[in-house]
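Peer 1:
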Amino acid sequence: MSASTSNPPSPFHVTWHGASRLTRAQFQALRVQCLPPENQPTDIPKSKIVQFGLSRSLRTAKDWLGSFPPFQQYLRHVSTTQHTMPWRIGDSTQAANGLGIMELPRRKQELVMAGTDVDEELVVSSLLAFLEAITLRHPDVKCDWSARRRNLKANFGASDLRVIVDGALVDPTNNNLKALIEAKKRSSRGFGETISATWQQAAEVVTAIRAQNLTPGTPVFLISQEADELFLVVARFGEKYLHYISGRTMTLASKDFLALERFGPWKISDAQHLEMFAEIALAIAIQCTAAVKATSITWVFFINLKPFASIASWTNYEEED
1 MSASTSNPPS
11 PFHVTWHGAS
21 RLTRAQFQAL
31 RVQCLPPENQ
41 PTDIPKSKIV
51 QFGLSRSLRT
61 AKDWLGSFPP
71 FQQYLRHVST
81 TQHTMPWRIG
91 DSTQAANGLG
101 IMELPRRKQE
111 LVMAGTDVDE
121 ELVVSSLLAF
131 LEAITLRHPD
141 VKCDWSARRR
151 NLKANFGASD
161 LRVIVDGALV
171 DPTNNNLKAL
181 IEAKKRSSRG
191 FGETISATWQ
201 QAAEVVTAIR
211 AQNLTPGTPV
221 FLISQEADEL
231 FLVVARFGEK
241 YLHYISGRTM
251 TLASKDFLAL
261 ERFGPWKISD
271 AQHLEMFAEI
281 ALAIAIQCTA
291 AVKATSITWV
301 FFINLKPFAS
311 IASWTNYEEE
321 D
């Protein structure tokens, strides 16, 4: 939302329903600003990686995935068979290729790419299988992926904003949600303040902030899958925004709005793109586990379906913390 918008209501003067039915007026009440990419859409600047607190964990993720044989064989398989479908799980030729733990997620990804009978359950299981495969064997990831649907709500006085998530990254020590997963069949048709899917993503973020009692400066991450494309949405907020959604103030300057940035797409049909996405997803999981021992950090994942599109490049991050 821009600073020129005239006197939208506060979230405490709006009647809320589910996040999937958000209206433009309700979105405006959340005071969200969608920021354009600074570089190519898939090129996350080095400064952003530092700002998001992922410098160390991203280096760790890149090194580990580079030496994880099933993942490297998976990338080779994608490079050589991305236009060959279908193949059967457990087929002897596939087993001989050494996909191992990466075989199931690749099969599900290919079913999504085939585009027949794709539903929310398939998209959720595809992403969960991939995330589990790249994190299960990593010694620094202690949180668990769960497919159990969960209800979250943010109270705004007489009305609650409610969201239902299709899965989560869970802290096994206290059952806190460290990441949220959501699936949608509809195309987002882009990203911005006129896009209804962005309104829903904003509602997911705000509900996560309230439900998880996040502190100002805590990044909230959403991963969206739109057909064969993967995106990363990062939300940032400060103390004044927290006061606004907590009802301590009814006004907010535009510079203090919740900031949303989107990176991507990374295509699940391209080995290089999958490597890029896996590195950032594993880095988030590593950081979430580290946060269990420190302060609370919540990462939010959001999935949609959309036709194929183009992709850009990835930055090689070799910065200091």
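Take 1 as the starting number for the sequence shown in UniProt numbering and just add one per residue.
C-beta: ideal position from N, C-alpha, C; glycine also.
1) Can you tell which of 7, 38, 177, 37 has its C-alpha closest to the C-alpha of residue 167?
2) When burial is assigned at 16 or more other CB atoms within 10 Å of the CB, is residue 136 buried or exposed?
3) Suppose the cutoff is 6 Å on Cβ atoms and the five residues either side in sequence are ignored; what does the same chain contact list for residue 115 look like?
4) Do the CB positions of residue 237 and residue 258 come within less than 7 Å of each other?
5) Here's the rule: buried if 16 or more other CB atoms are within 10 angstroms of the residue's CB, otherwise exposed. What is residue 15?
6) Under three-state DSSP, which class holds residue 229?
7) Determine the burial state of residue 250: buried for a count of at least 16 other Cβ atoms within 10 Å of its Cβ, exposed for fewer.
8) Report the start-end ranges of each beta strand (DSSP E) in the region 18-69 that is 3 residues or longer and not cut off at the edges.
9) Is it buried or exposed, residue 121, if we count other Cβ atoms within 10 angstroms and call 16 or more buried?
10) So residue 181 packs on residue 281, CB below 8 Å; how close in whole Å?
11) With C-beta atoms as the reference, is residue 220 less than 7 Å away from residue 197?
12) Residue 153: which of 253, 164, 146, 144 sits nearest, CA to CA?
13) What alpha helix (DSSP H) runs, 4 residues minimum, are completely inside the region 233-287?
14) Could you tell me the alpha carbon to alpha carbon distance between residue 140 and residue 285, rounded to whole angstroms?
15) Determine the extent of the beta strand (DSSP E) in which residue 128 is found, giving its start and end residues.
16) If you draw a straight line from the alpha carbon of residue 173 to that of residue 157, how long is it in whole angstroms?
17) Select from 51, 202, 77, 227 the residue whose C-alpha is nearest the C-alpha of residue 113.
18) So residue 77 and residue 99 are supposed to be a Cβ contact under 8 Å. How far apart are they, rounded?
19) With DSSP run on the structure shown, which of helix, strand or coil describes residue 158?
20) Excluding five sequence neighbours on each side, which residues of the same chain lie with their C-beta closer than 6 Å to the C-beta of residue 89?
21) Check this for me: beta carbons of residue 264 and residue 60, under 7 Å apart or not?
22) Is there at least one non-hydrogen atom of the ligand FAD closer than 6 Å to the beta-carbon of residue 142?
23) Classify residue 2 as helix, strand or coil using the three-state DSSP reduction.
24) Mark residue 147 as exposed unless 16 or more other C-beta atoms lie within 10 angstroms of its C-beta, in which case mark it buried.
25) Going by DSSP, what residue range makes up the beta strand (DSSP E) through residue 146?
26) Does residue 13 pass the burial test, meaning 16 or more other C-beta atoms within 10 Å, or should it be called exposed?
27) Quick test of your reading: residue 179 and residue 34, contact by CB under 8 Å. State the CB separation rounded to the nearest angstrom.
28) Keeping to the same chain, check which residues put their C-beta closer than 6 Å to that of residue 130; ignore five residues upstream and five downstream.
29) Return helix, strand or coil for residue 79, following the three-state DSSP convention.
30) Name the two residues that bound the continuous beta strand (DSSP E) containing residue 181.
31) State buried or exposed for residue 91, treating a residue as buried only when at least 16 other CB atoms are found within 10 Å of its CB.
Peer 2: Taking the definition as stated:
1) Of the listed residues, the one whose Cα sits closest to residue 167 is 177.
2) exposed
3) none
4) yes
5) With a 10 Å radius around the Cβ and a threshold of 16 neighbouring Cβ atoms, residue 15 comes out exposed.
6) Looking at residue 229 - three-state DSSP - the assignment turns out to be strand.
7) exposed
8) 32-35
9) exposed
10) Rounded, the Cβ-Cβ distance is 11 Å, inconsistent with contact.
11) no
12) 164
13) The region 233-287 contains these whole alpha helix (DSSP H) runs: 239-245.
14) 9 Å
15) Element bounds for residue 128: not the beta strand (DSSP E) but the alpha helix (DSSP H), 120-135.
16) Between the C-alpha atoms of residue 173 and residue 157 there is a straight-line separation of about 32 Å.
17) 227
18) 6 Å
19) If DSSP states are grouped into helix, strand and coil, residue 158 belongs with coil.
20) Because the pLDDT of residue 89 is 47, which lies under 50, any placement of that residue in the model is unreliable, and the number read from its coordinates should be weighed accordingly. Closer than 6 Å at Cβ, skipping near neighbours: 107.
21) no
22) The model depicted lacks the ligand FAD and carries no ligand whatsoever.
23) Confidence at residue 2 is low in this model, with a pLDDT of 43, below 50, so its placement is unreliable and no value can be given for it.
24) exposed
25) 144-146
26) exposed
27) Residue 179 to residue 34, Cβ: 22 Å. No contact.
28) 105
29) Of the three classes helix, strand and coil, the one that applies to residue 79 here is helix, per DSSP.
30) First-last of the beta strand (DSSP E) with residue 181: 177-181.
31) For residue 91, the predicted model reports a pLDDT of 46, less than 50, meaning its position is unreliable; a value from the coordinates is still stated below. Exposed, since its Cβ has fewer than 16 Cβ neighbours within 10 Å.
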